[in-house]
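Written out below as structure tokens is the structure these notes cover.
Protein chains in written order, with our numbering: chain A, 1 to 274; chain B, 275 to 876.
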């Protein structure tokens with residue numbers, strides 16, 4: 001028994017070391033990012049949203065962004081657009097950028113309630129179409145999936161797997177009939193949970209990996225054509241901030257799909273992937 | 275005092291009547307528009323008796339005088355309800371023929387009435403060269419229908435503007451143009467002015483002459499409306515239609531009656547339609563303020579603030595009056611925002627709007643009645659009214675002064691708790707507005723966006739867990755199995771061990787070593803039970819032996835015998851006893867063990 005533990009301990013250490021965040025950019029970028037972070041928060045609090053946007057964008061450019069940075073950047077964009085007194089609200093495409101960054105924050109942490117709330121509020125300003133209503137089970141599954149991160153689900157499933165293995169051990173080795181029965185049923189329940197949480201984790205991971213969503217970025221509305229040709233018929237005019245799915249690209253054009261299933265072509269420059 | 279007033283009034287009345295009596299009107303009546311080759315009449319009329327030969331006609335430059343002056347005088351005396359009124363009229367008529375096209379002036383004519391000279395106004399006459407109708411000569415004089423060509427009677431819808439902003443107004447008049455004698459007009463269909471708000475205007479129903487397409491027509495206004503577009507874009511006003519009956523006189527050239535000739539009057543009915551008209555309603559320019567509500571025109575505002583100090587639960591009001599010209603009828607009340615503890619009732623609207631042919635003007639008064647429910651000082655923001663001025667093409671904002679109201683306690687108010695901007699009156703708290711949530715200000719913690727599931731490390735962890743499980747299971751189960759094997763073997767070999775020990779005891783007996791014999795006997799007995807029932811020797815007592823044997827269905831007599839052998843051996847180990855005792859105990863032990871073995875196996 002002791003020999004097995006002796007074997008496993010270094011292995012676990014390796015695993016932990018690999019899971020731990022690797023800071024290749026070094027401490028320098030981190031300190032700059034922290035300075036920018038403080039600067040951005042201060043600018044936001046003093047309602048200088050232009051500077052706040054700049055500071056948070058720089059953190060993103062440094063590659064030091066986490067969900068909070070994206071969230072704050074989105075907030076700064078939203079406020080900047082809302083307080084644009086000289087022109088119409090969101091006259092220079094701030095709403096689209098805000099929605100894009102809320103999506104990015106939620107991609108990193110689907111369980112971020114604040115980002116979800118603000119995103120909902122921002123989407124109210126767009127002319128986004130109603131998505132095709134999903135089935136109750138799909139809605140339940142997605143809301144469950146988005147209540148934690150993929151890694152959260154993974155850790156939960158691994159912990160439950162461990163507990164299940166211990167109970168299986170008891171079931172296999174115990175001679176006590178009641179203990180064996182309890183162990184059997186509990187471990188069976190744990191097996192179901194492990195499969196569920198693992199599926200949630202994989203589903204969440206795939207949602208991030210196969211994310212072909214993009215956000216329309218423009219000043220007001222932009223035409224979506226029936227084919228990749230600006231002379232073709234204009235089928236829709238989504239406003240900035242409308243979230244669409246990119247199906248494929250062709251030259252400077254991207255084929256996009258709206259939430260309600262309608263497809264069209266839009267210049268690549270008018271959209272940005274989440 | 276009263277008599278003086280009466281006297282003054284009488285004087286005024288007398289003076290005015292004298293003045294009206296003395297007023298002599300001398301007017302000229304000539305068409306403002308005529309065509310070359312068409313003779314026309316010019317009439318100078320005076321409504322008093324002129325002095326003899328005092329009338330001096332002007333020189334009709336640019337015209338040939340065909341006839342005139344012919345003088346006609348009239349005198350009438352009327353008695354109406356016992357009152358006498360006399361009127362006199364004298365008219366000098368000339369018939370003129372224009373020489374050429376152009377603008378000409380008929381200079382004033384003068385006349386003397388009772389020693390005073392009067393002169394007419396200058397009269398402008400425009401003479402145009404009318405287009406010749408090609409069809410005129412081809413017309414059959416016989417057919418009355420063909421006497422009136424398509425161009426002779428026209429229906430036109432005239433609009434004062436064709437391009438304007440939403441909310442501005444334009445004048446549209448339906449005019450009948452005719453060169454024939456119109457008897458009757460019927461079936462007038464006014465087009466539906468979809469997209470417009472329309473209001474009929476009062477107009478003078480006098481015919482006039484107008485040039486259109488190079489020809490002169492008599493014009494009659496059928497209707498006149500004020501239109502205000504309610505939507506932007508191009509709006510088409512569809513055609514209007516009516517049917518007219520025209521009189522046509524046909525000269526028969528005396529074919530029927532060679533002496534007098536014969537003039538026959540025919541009636542010709544025509545259905546007319548006006549052209550549809552497109553009105554371009556312009557969009558408002560960009561940069562409209564947020565509170566712009568579609569007000570167009572030129573306005574000013576005045577307002578009446580409520581009392582600066584009121585008692586709670588009492589009503590007061592705020593009044594704002596918007597006056598000016600523009601789309602007053604479509605104004606919406608400016609928004610007055612009061613603190614939550616104020617109950618704002620429906621806004622009262624009182625308007626005083628006049629519609630004229632240039633648009634609507636007047637004023638609208640909005641009254642905002644409210645009741646203050648909570649005690650305290652409240653500041654109330656400015657009420658803003660924003661409009662678009664189409665002349666300057668700019669948005670203008672007017673606003674009232676912000677003001678404060680002190681609400682005093684009336685002694686009965688329960689003073690509902692006020693929490694911030696929210697007032698709770700026992701119901702649920704209302705959501706007043708929504709905004710995005712505040713940024714996250716906690717430190718910048720580094721998180722990688724990498725997912726862990728299905729990565730090699732993940733699989734490594736899973737495999738590690740499973741191998742730990744497998745290894746643990748294998749180890750533990752082996753140990754348990756081994757454990758079980760030892761017991762089973764021991765149990766299996768329990769009697770063999772006992773036999774082996776008994777043999778050793780037998781050897782001791784033969785050697786005559788009593789102590790060793792009984793020791794070996796005890797070891798054999800205890801060991802047998804210990805191995806058989808897997809109980810450590812240290813835990814064994816006679817009681818447990820009895821119990822264990824009883825549980826295994828060994829008869830209590832046999833168990834008693836077994837225990838007796840142990841007791842005897844223990845006693846005999848240290849006490850001297852008979853020679854034959856050792857062999858007795860020995861045979862008894864063999865017998866008891868074999869019987870126990872038998873009963874357990876069974």
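All C-beta atoms, glycine included, are put in the ideal place defined by N, C-alpha and C.
Since this is a predicted model, take the numbers as computed values, not measurements.
Take residue i and list the residues in its own chain whose beta-carbon comes closer than 6 Å to its own, dropping the five residues that flank it on each side.
i, result
"residue 154 of chain A", "201"
"residue 833 of chain B", "820 and 823"
"residue 350 of chain B", "361"
"residue 797 of chain B", "775"
"residue 557 of chain B", "506"
"residue 434 of chain B", "444 and 445"
Residue j and residue i - do their beta-carbons sit closer together than 9 Å?
i, j, result
"residue 607 of chain B", "residue 521 of chain B", "no"
"residue 316 of chain B", "residue 336 of chain B", "no"
"residue 96 of chain A", "residue 194 of chain A", "no"
"residue 464 of chain B", "residue 499 of chain B", "yes"
"residue 637 of chain B", "residue 597 of chain B", "yes"
"residue 80 of chain A", "residue 102 of chain A", "no"
"residue 62 of chain A", "residue 29 of chain A", "yes"
"residue 808 of chain B", "residue 761 of chain B", "yes"
"residue 438 of chain B", "residue 539 of chain B", "no"
"residue 662 of chain B", "residue 562 of chain B", "yes"
"residue 211 of chain A", "residue 107 of chain A", "yes"
"residue 509 of chain B", "residue 469 of chain B", "yes"
"residue 518 of chain B", "residue 489 of chain B", "no"
"residue 44 of chain A", "residue 72 of chain A", "yes"
"residue 397 of chain B", "residue 302 of chain B", "yes"
Which residues does DSSP pair with residue i in a beta bridge?
i, result
"residue 71 of chain A", "Looking at the DSSP assignment, residue 71 of chain A forms no beta bridge with any residue, so it has no partner."
"residue 267 of chain A", "A:253"
"residue 213 of chain A", "A:245"
"residue 545 of chain B", "B:517"
"residue 652 of chain B", "B:679"
"residue 393 of chain B", "B:384"
"residue 471 of chain B", "B:502"
"residue 218 of chain A", "Paired residues: none, contrary to the question."
"residue 551 of chain B", "B:511"
"residue 669 of chain B", "B:662"
Whose C-beta lies closer than 8 Å to the C-beta of residue i among residues of the same chain, with five residues either side of it excluded?
i, result
"residue 872 of chain B", "none"
"residue 191 of chain A", "164"
"residue 829 of chain B", "873"
"residue 408 of chain B", "In this predicted model, residue 408 of chain B has a pLDDT of only 46, less than 50, meaning its place in the structure is not dependable enough to derive any value."
"residue 547 of chain B", "429, 513, 514 and 515"
"residue 256 of chain A", "214, 224, 244, 245, 246, 247, 263, 264, 265, 266 and 271"
Assuming residue i is part of the beta strand (DSSP E), what are its boundary residues?
i, result
"residue 494 of chain B", "489-503"
"residue 639 of chain B", "633-646"
"residue 344 of chain B", "337-354"
"residue 361 of chain B", "357-372"
"residue 571 of chain B", "571-578"
Beta-carbon within less than 7 Å of residue i's beta-carbon, same chain only, minus the 5 sequence neighbours each way: which residues are those?
i, result
"residue 842 of chain B", "859"
"residue 667 of chain B", "559"
"residue 187 of chain A", "164, 167, 168 and 171"
"residue 675 of chain B", "656"
"residue 864 of chain B", "776"
Would you give the residue range spanned by the alpha helix (DSSP H) that residue i belongs to?
i, result
"residue 848 of chain B", "830-848"
"residue 442 of chain B", "Element bounds for residue 442 of chain B: n/a, residue is neither H nor E."
"residue 114 of chain A", "113-123"
"residue 55 of chain A", "49-62"
"residue 138 of chain A", "136-145"
"residue 93 of chain A", "It is not in any alpha helix (DSSP H) - residue 93 of chain A carries neither H nor E in the DSSP assignment."
Closer than 9 Å by beta-carbon distance: list the chain E residues that pair up with residue i, in chain order.
i, result
"residue 743 of chain B", "Absent from the structure is chain E; the protein chains it does hold are A and B."
Near-chain B residues of the stretch 134-156 of chain A (beta-carbon distance less than 9 Å), N- to C-terminal order
Interface annotation for the stretch 134-156 of chain A against chain B: 149, 150, 151, 153, 154 and 155, criterion Cβ-Cβ distance under 9 Å.
Q.
Against chain A, which members of the stretch 726-739 of chain B pass a CB distance test of less than 8 Å?
A. Residues 726, 727, 728, 731, 732, 734, 735, 736, 738 and 739.
Against chain B: residues of the stretch 64-82 of chain A by CB proximity under 8 Å
Close to chain B, meaning a Cβ-Cβ distance shorter than 8 Å, are the following residues of the stretch 64-82 of chain A: 64, 66, 67, 68, 69, 71, 72, 75, 76, 78 and 79.
| query | Going along the chain, which residues of the stretch 191-205 of chain A sit with their C-beta nearer than 8 Å to a C-beta in chain B? | reply | Against chain B - using a Cβ distance shorter than 8 Å - the residues of the stretch 191-205 of chain A are 198, 201, 202, 204 and 205.
Q. Listed in chain order, which residues of the stretch 34-47 of chain A have Cβ atoms closer than 9 Å to some Cβ of chain B?
A. Close to chain B, meaning a Cβ-Cβ distance shorter than 9 Å, are the following residues of the stretch 34-47 of chain A: 34, 36, 37, 38, 40, 41, 44 and 45.
Between the stretch 816-839 of chain B and chain A, which residues of the former have a C-beta closer than 9 Å to a C-beta of the latter? Listed in sequence order: no entries.
May I ask you to list, following chain order, the residues of the stretch 239-260 of chain A that have a beta carbon less than 9 Å from some beta carbon of chain B? Within the stretch 239-260 of chain A, no residue qualifies.
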